Each structure stands twice: as structure tokens, then as C-alpha cells.
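In what follows, a single structure is set out as C-alpha cells and then discussed.
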Amino acid sequence: MNLYEQQAANKRRTWAIVAVFVVFLAFLGFGFDAFILGMPFPAVEEFLTTGSFRSDPHRDGFSEEEPRRPMGVPVATLAALLGGALMSAASFANGPAMVLKAARARPANPASPAENQFIHVVQEMATAAGLPPPSAHVIPDPDANAFATGTRPSNSAVAVTEGLLQILTREELQGVIAHEVSHIRNYDVRLMTILAALTGAVALLSDWAGRSFRFGRPRRSGASGEGKSGGGAAVLVLLAVWIILLILAPLLSQLLALAVSRRREYLADASGAELTRNPISLALALEKIEKKFEPTASINHGLAHLCIADPKGALMGEKEGFVADLLATHPPILKRIAALREMAYQ
26 MNLYEQQAAN
36 KRRTWAIVAV
46 FVVFLAFLGF
56 GFDAFILGMP
66 FPAVEEFLTT
76 GSFRSDPHRD
86 GFSEEEPRRP
96 MGVPVATLAA
106 LLGGALMSAA
116 SFANGPAMVL
126 KAARARPANP
136 ASPAENQFIH
146 VVQEMATAAG
156 LPPPSAHVIP
166 DPDANAFATG
176 TRPSNSAVAV
186 TEGLLQILTR
196 EELQGVIAHE
206 VSHIRNYDVR
216 LMTILAALTG
226 AVALLSDWAG
236 RSFRFGRPRR
246 SGASGEGKSG
256 GGAAVLVLLA
266 VWIILLILAP
276 LLSQLLALAV
286 SRRREYLADA
296 SGAELTRNPI
306 SLALALEKIE
316 KKFEPTASIN
326 HGLAHLCIAD
336 PKGALMGEKE
346 GFVADLLATH
356 PPILKRIAAL
366 REMAYQ
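Residue numbering for the sequence shown follows the working numbering, starting at 26 and increasing by one per position.
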């Protein structure tokens with residue numbers, strides 16, 4: 026695939042995963058409201074108990090005078106979303122400053138030739154992307170790594186390690202900075218903050234349900250369908266599926282967030298290649314990073330999704346396979362290099 030096809034494909038996959046995440050949260054919230062709080066959901070109850078929705082006034086047994094039960098408000102879903110949003114609010118408002126402080130990053134020094142070049146490259150790539158220049162910062166760490174942060178272009182920052190500046194040529198540095206500027210242009214930090222809120226909401230629902238099962242007992246909503254054709258069995262199946270997903274919810278939400286993070290890395294690679302018109306420059310930079318792939322001591326694992334390479338170093342970056350891919354914030358570096366080289370020959 027060429028770089029434009031790569032970008033389009035990764036955007037589609039990103040939003041498909043986000044859609045699954047939203048549906049997953051909605052189902053967990055619906056189950057909590059229906060099975061724990063006993064909220065009425067008339068349309069769902071009608072479908073589970075009769076196999077059809079009550080939409081035809083001429084259907085046998087339906088009376089226009091028959092009172093309808095009021096629709097339940099999705100209390101648990103809304104409360105969990107509010108809780109998740111509040112947990113993420115601080116990082117959304119003060120994210121850049123908090124991240125830079127956590128990584129011990131300092132402003133780049135124009136008096137240093139290497140850091141002055143870095144400042145100029147940041148300005149060049151921001152101009153190419155049509156963005157205001159992010160602030161440039163340097164992390165005192167011998168490993169080769171970089172990250173971008175900021176919930177919007179006006180408060181964004183790009184940070185690189187001293188080790189990265191030592192090993193890259195100017196062209197390779199352009200590839201890395203273009204990748205990071207692409208994260209800013211694509212609003213990836215904002216997206217991951219939203220996903221953190223959704224993950225927090227899922228965790229809250231899981232915790233609340235666990236406490237309800239331990240200290241009380243679930244209420245039965247009107248969907249019990251007693252005496253109606255197969256209604257009780259349908260509700261039991263739905264309850265069983267909900268409980269299984271509830272148990273797995275914290276793990277599944279993390280896996281979905283990691284899947285989005287990996288897709289955004291591929292997208293930033295392709296978007297960065299568009300800015301430089303030189304996919305090979307980033308491929309060469311990633312090859313050097315892969316060879317010097319020691320753990321980045323100044324960057325904790327909580328910031329891993331922001332970095333160009335996993336700060337755990339080769340311990341994570343070189344692992345491949347289904348399970349390793351599921352648990353990684355980044356795609357394997359060798360796969361990213363292969364994708365970039367493929368773009369170069371399109």
C-alpha cells in the first residue's frame with residue numbers, strides 16, 4: 026500500500042475499534058441498569074419475550090389503550106461515563122506539563138548545535154503540517170526515544186532523548202519529528218485521553234457490579250418474561266453473556282485501547298512519511314532505534330503510548346506473535362520498517 030492507502034486503512038481500523046469500545050460500554054451499562062438496578066427497557070423486554078417489537082397497532086393482542094411503561098434512563102452508563110471523564114479531566118487539562126515533568130524533559134538549548142538543529146526540524150515539520158510549532162524539549166536519557174504530547178496543537182510539545190539526537194542524521198531526525206508532529210495533527214493524545222475515560226468507565230461498571238454481587242443481589246427487571254414464549258430463557262442467556270463480559274471487562278477494555286494505540290502508530294508513520302515525502306528516513310531512524318533499544322529510564326510505562334518506541338526497550342519491541350501483539354502499545358519495529366519500505370516503492 027502507498028502512504029495514502031496506509032493512512033486511510035489505519036483511520037478506518039481505528040474508528041472500527043472505537044465503535045466496538047462504545048458498543049461494549051453501552052452493553053455493560055445496559056446490563057447493569059437492567060439486571061442490577063431493575064430499570065425498565067420496554068422495547069427490549071418486548072423483543073426478548075415475544076420475539077418482536079411492539080410497533081404494529083393491529084398485531085394480535087395489542088391494544089392502543091394498553092399503557093406503555095416508561096423507558097428507563099441509562100443511569101449506570103451515564104454515571105460511569107461521568108466518573109471516567111472526571112478521572113481523565115486532570116490529564117486533559119494539564120497533560121503536556123505533567124507528561125514533560127514526569128519525563129524530566131527540559132527546553133531544548135539553542136546554544137547546542139544538536140539541539141538547535143532539533144528546534145529547526147520541529148519548526149520545519151510543523152510548517153509542513155500546517156500547525157503552530159510545538160515547544161521542543163530534550164530528555165536526559167542515553168536511550169533513543171521521542172514522544173509528542175498536547176491535547177491540541179496550540180499547547181503541544183515534542184520531546185526527544187539526548188541519545189536520539191546523538192545517533193540520527195538530520196534526515197532521519199526529520200522522519201522521527203514528522204512522526205511526532207503527525208500525532209499532534211491527528212489529535213492522538215486527545216483520542217487516547219477519551220479512550221482512557223472509556224476505560225475508566227468500564228472499570229467503574231465492573232467494580233460497581235462486583236460490589237453489588239458481593240453485598241446484595243441483582244434485581245430482576247421486567248424483562249424476566251415469566252410465562253411468555255422463551256422470554257425467561259432469552260433473559261438468562263443475555264444475563265450470562267453480560268456476566269462473562271463483565272468479568273473480562275477490565276482486560277478487554279485495555280486490549281481495545283492498546284489496539285487503537287498500535288493503529289495510531291502505523292497512522293503516524295504514514296502521515297509522517299507524507300510530510301517528509303521520504304518514508305525511508307523514518308525507516309532508517311527506526312533501524313537505529315531498534316539497534317539501540319535499551320529501556321528508556323526517564324520515561325515510565327504509563328507514557329508508552331506517546332513514544333515512538335516502547336520505553337521498555339527490546340524486552341517488548343522485538344516480541345512478535347498474537348499474544349505479544351495484543352499486549353503491546355506499539356507494533357513490532359520490524360513490521361513498521363517493512364511498511365515504510367513498502368510505501369517508498371509505491
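Glycine included, C-beta positions come from ideal geometry on N, C-alpha and C. Keep in mind it's a predicted model, so treat the numbers as computed, not measured.
Query raised in the report: CB-CB under 6 Å to ALA153, same chain, minus the five flanking residues each way: which ones, in chain order?
Result: One-based indexing of the sequence shown puts residue 153 at position 128. Take ALA153, set aside five residues on each side of it, and the residues of its chain with a beta-carbon closer than 6 Å to its own are LEU300, in chain order.
Query - First through last residue of the beta strand (DSSP E) which encompasses ALA204 - result: Looking up residue 204 in the sequence shown gives position 179. Residue 204 is actually His in this sequence, not Ala. Not the beta strand (DSSP E): HIS204 falls in the alpha helix (DSSP H), residues 195 to 210.
**Report entry** Per-residue burial, ILE324 [other beta carbons within 10 Å of its own, 16 or more giving buried]
**Finding:** Numbered from its first residue, the sequence shown carries residue 324 at position 299. Classified as buried, ILE324 has 16 or more neighbouring CB atoms from the shown chains inside 10 Å of its CB.
Requested in this report: Go to PHE143, then tell me how far its beta strand (DSSP E) extends in each direction, as first and last residue.
Outcome: The residue you call residue 143 lines up with position 118 of the sequence shown. Where PHE143 is concerned, there is no enclosing beta strand (DSSP E), although the alpha helix (DSSP H) it sits in stretches over 138 to 154.
Query raised in the report: For GLU330, does the three-state DSSP call read helix, strand or coil?
Result: Start at 1 with the first residue of the sequence shown, and residue 330 comes out as number 305. Checking the sequence, you will find His at residue 330 rather than Glu. In the three-state DSSP reduction, HIS330 falls in the helix class (H, G or I).
Query raised in the report: Between LYS313, ALA265, VAL262, ASP213, which lies nearest to ALA282 when the distance is taken from Cα to Cα?
Result: Residue mapping note: residue 282 aligns to position 257 of the sequence shown, counting from 1. Comparing Cα positions, the closest option is ASP213.
Query - Candidates LYS316, ALA222, LEU331, of which the one nearest ALA353 by Cα - result: Working through the sequence shown from its first residue, we reach residue 353 at position 328. Ranking LYS316, ALA222, LEU331 by Cα distance to ALA353 puts LEU331 first.
Query raised in the report: For LEU190 versus ALA139, is the C-beta distance shorter than 8 Å?
Result: Taking the first residue of the sequence shown as 1, we reach residue 190 at position 165. Taking the first residue of the sequence shown as 1, we reach residue 139 at position 114. Using a Cβ distance threshold of 8 Å, LEU190 and ALA139 count as a contacting pair.
Requested in this report: Can you tell me which of ASP335, LEU198, ALA234, ALA322 puts its alpha carbon nearest to the alpha carbon of PHE55?
Outcome: Working through the sequence shown from its first residue, we reach residue 55 at position 30. In terms of CA proximity to PHE55, ALA234 leads the group ASP335, LEU198, ALA234, ALA322.
Query raised in the report: Buried or exposed: ILE272, going by 16 or more other Cβ atoms within 10 Å of its Cβ?
Result: Here residue 272 refers to the residue found at position 247 of the sequence shown. ILE272 should be labelled exposed.
Query raised in the report: If you run the structure through DSSP and keep just helix, strand and coil, what is ALA169?
Result: Here the question's residue 169 lines up with position 144 in the sequence shown. Of the three classes helix, strand and coil, the one that applies to ALA169 here is coil, per DSSP.
Report task. Taking GLY376 and PRO158 to be in contact with their CB atoms under 8 Å, please state how far apart those CB atoms are, rounded to whole angstroms. Result -> Residue 376 lies beyond the residue range present for the chain, which begins at 26 and ends at 371; the question has no answer from this structure.
Requested in this report: Please look up how many angstroms separate the CB atoms of ALA308 and ARG366, rounded, as I've assumed it's under 8 Å.
Outcome: Counted from its first residue, the sequence shown places residue 308 at position 283. Counted from its first residue, the sequence shown places residue 366 at position 341. Rounded, the Cβ-Cβ distance is 6 Å, consistent with contact.
Query raised in the report: Since THR174 sits in a beta bridge, which residues does DSSP pair it with?
Result: Residue 174 sits at position 149 when you count from the first residue of the sequence shown. Beta-bridge pairing links THR174 to ALA182.
**Report entry** ARG37 classed as buried or exposed, judged by whether at least 16 other C-beta atoms fall within 10 angstroms
**Finding:** Taking the first residue of the sequence shown as 1, we reach residue 37 at position 12. With a 10 Å radius around the Cβ and a threshold of 16 neighbouring Cβ atoms, ARG37 comes out exposed.
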